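Protein chains in written order, with the UniProt record's numbering: chain C, 1 to 297; chain P, 1 to 297.
C-beta: ideal position from N, C-alpha, C; glycine also.
A quick note: this is a predicted structure, and the numbers were derived from the prediction, not measured.
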């Protein structure tokens, strides 16, 4: 197991921790939480969900040219991915102006459809969409070492959850195939749903933005457990990792460092605080360049 | 299995449905949801959680006599359980005035403590509290036939969830012992939590009142599945039962009818609409008097 991990201090820290957990922590408390974008799969040049949403926004702009004057429709119609990537990077740097315009567009893009219809849209997207530079379907953009880690943890009695800022119902249709994680163990951002006549339909109201200090709140809400392993890669994961660290049991905090421009991407934007805390707080940093023998299966 | 169920049309309907589900429904979609109060355990003369909260409110009134002039502290200090029961009955009949006073008291009773401290309070309550008339601890007030049904469903590949109007974090410390249902499969009402310094603490802000049309929303939010079996006993369960009925798979809706004044309680208040819908919509009604050979183990 963990074949895609190079031998070294990171792999040893994982194996040592899992051994300690098996000895010291009851099986039902061996809960592990994983951020998704940039932790379990590639998040560059833009979030996969943005590609899904940009396609919807471009379709809407094509159907209603008056929309195309304004953001985010203008950028979607022009294929201007940079505008979307900037919205997220600026959010992590404290400027939410672009993200708000984006969120408004996102919230109206999938409104008043049933949860089943939404899942069908997501499945249709993943059936054909490919990563723009890696030359593979998005469904093959999961990190092989992290998928191996999920299986290794399961083999040692852990239960794995995804805890992502990404859309809960965008991830659910594909997490079983990508990661072996079923929909009931996917925690993410969500829009409000409304029940009527036997069905649930999407609204334009945001429900949770599952990021930063909201991640621990949602982990408890969903599981009633404090995790003993938390893995992330950005400033939005800091509180989740610290929540795992402050429990009574041994714990492990994993931070993925994107430092491999050849096989993946090399960036620290949006992760500055997390990388700093990793050194001062004793988290385990996973270097893609140095610790992973293989990045993608 | 199902030894506490008398032979008859209700037991047959359950066994027939489970057989059909095993044949027709993939195992990971065999999701069953159960209301708690009045469905899995006794809810009369008042919700168990009210006893827990009344004790806290009485302690607060004793510590601060100025509180004791107003509701709900006045009723708590006087041991006036009727006032609390009325608050809930009136809610189901459309009058929320008492429930609002009660909710304000409840929300302030457990504020600014960690989730772990709250769980310890709940465990301390259940370690000593007894049902006021049945002569048994609350932890022995689960309905034997329903607990057998949970085991029967599990043996047939189902996954069971509790979906209750009761407090999520009030139920979680005891559902494993009572029902074999772990904390991550308990869906209930909740107060907002706030993360700081590695811990989660309770606030005075309500988060979800998990009742009526909110139940299907929360089932989807937590599981990403539409259940195929839903069991309840009150008007607050109508939408959850209908949600299960409107799926593509065979489904079963169980409504517990409280008609046994000798062994449990005999009442229809708060269940009037549900009992009416059961006959017009084809739900399966479970009569405590007629269908259960044993009520409590």
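Please report the residue range of the beta strand (DSSP E) in which residue 208(C) lies. 199-208
Throw me the rounded Cβ distance for the residue 239(C) and residue 195(P) pair, which I believe falls under 8 Å. 5 Å
Between the CA atoms of residue 98(P) and residue 60(P) - distance to the nearest angstrom: 19 Å
Listed by chain order, chain P residues near residue 243(C) by CB distance under 9 Å: 195, 198, 199, 200
Considering residue 164(P), what are the terminal residues of the beta strand (DSSP E) in which it resides? 159-167
CA-CA distance, residue 180(C) and residue 228(C)? 20 Å
Hey, is the stretch 182-193 of chain C in contact with the stretch 152-168 of chain C, meaning 3+ C-beta pairs nearer than 8 Å? yes
Start-to-end residues for the beta strand (DSSP E) that takes in residue 191(C): 186-196
Segment limits, beta strand (DSSP E) that includes residue 30(P): No beta strand (DSSP E) holds residue 30(P); DSSP gives it neither H nor E.
Coil, strand or helix - residue 145(P) by DSSP: helix
So for residue 60(C), helix, strand or coil by DSSP? helix
If we call anything under 8 Å between Cβ atoms a contact, is residue 150(C) one with residue 18(C)? no
Limits of the unbroken beta strand (DSSP E) element including residue 257(C): 252-257
Determine, using beta-carbon pairs with one atom in the stretch 200-207 of chain C and one in the stretch 103-113 of chain C, whether at least three such pairs fall under 8 Å. yes
Return yes when the Cβ of residue 249(C) is within less than 8 Å of the Cβ of residue 29(C), no when it is not. yes
Taking beta-carbon pairs under 7 Å, can you tell me which members of the stretch 271-295 of chain P lie near chain C? none
Determine the DSSP secondary structure at residue 211(C), reduced to helix, strand or coil. coil
Under DSSP, the beta strand (DSSP E) around residue 285(C) begins and ends at which residues? 284-287
Just to check my reading of the structure: residue 183(C) and residue 224(P) have Cβ atoms closer than 8 Å, yes? What is that Cβ distance to the nearest angstrom? 3 Å
Along the chain, where does the alpha helix (DSSP H) that runs through residue 99(C) open and close? 97-109
Going by DSSP, what residue range makes up the beta strand (DSSP E) through residue 67(C)? Residue 67(C) -> no beta strand (DSSP E), and no H or E assigned at all.
Can you tell me whether residue 279(P) is helix, strand or coil according to DSSP? helix
With H, G and I counted as helix, E and B as strand and the rest as coil, what does DSSP make of residue 265(C)? coil
Would you kindly report the start and end of the unbroken beta strand (DSSP E) that includes residue 232(P)? 229-232
Whose Cβ in chain P lies nearer than 8 Å to the Cβ of residue 167(C)? Residues of chain P passing the Cβ test: none, with the nearest at roughly 12 Å.
Take residue 253(C) as the anchor and find which of 230(C), 77(C), 274(C) has the nearest alpha-carbon. 230(C)
Integer-rounded CB distance, given that residue 233(P) should sit under 8 Å from residue 256(P): 4 Å
Residue 169(C) and residue 119(C) - do their beta-carbons sit closer together than 8 Å? yes
Identify the contact partners of residue 28(P) in chain C, using a Cβ-Cβ distance below 8 Å as the criterion. 182
Where does residue 65(C) land, buried or exposed, given buried means 16+ other C-beta within 10 angstroms? exposed
Skipping 5 residues on each side, what residues in its chain have a beta carbon closer than 6 Å to that of residue 122(P)? 170, 173
Mind checking whether residue 357(C) and residue 144(C) have CB atoms under 8 Å apart? Shown here, chain C extends from 1 to 297; a query on residue 357(C) therefore has no answer.
Taking the alpha carbon of residue 264(C) as the point to measure from, which residue in 36(C), 291(C), 56(C), 296(C) has its own alpha carbon closest? 296(C)
Cβ neighbour criterion (16 or more within 10 Å) applied to residue 93(C): exposed
For residue 232(C) and chain P, any beta-carbon pair shorter than 8 Å? no
As a quick exercise: from 7(P), 293(P), 244(P), 258(P), pick the residue whose alpha carbon is nearest that of residue 37(P). 258(P)
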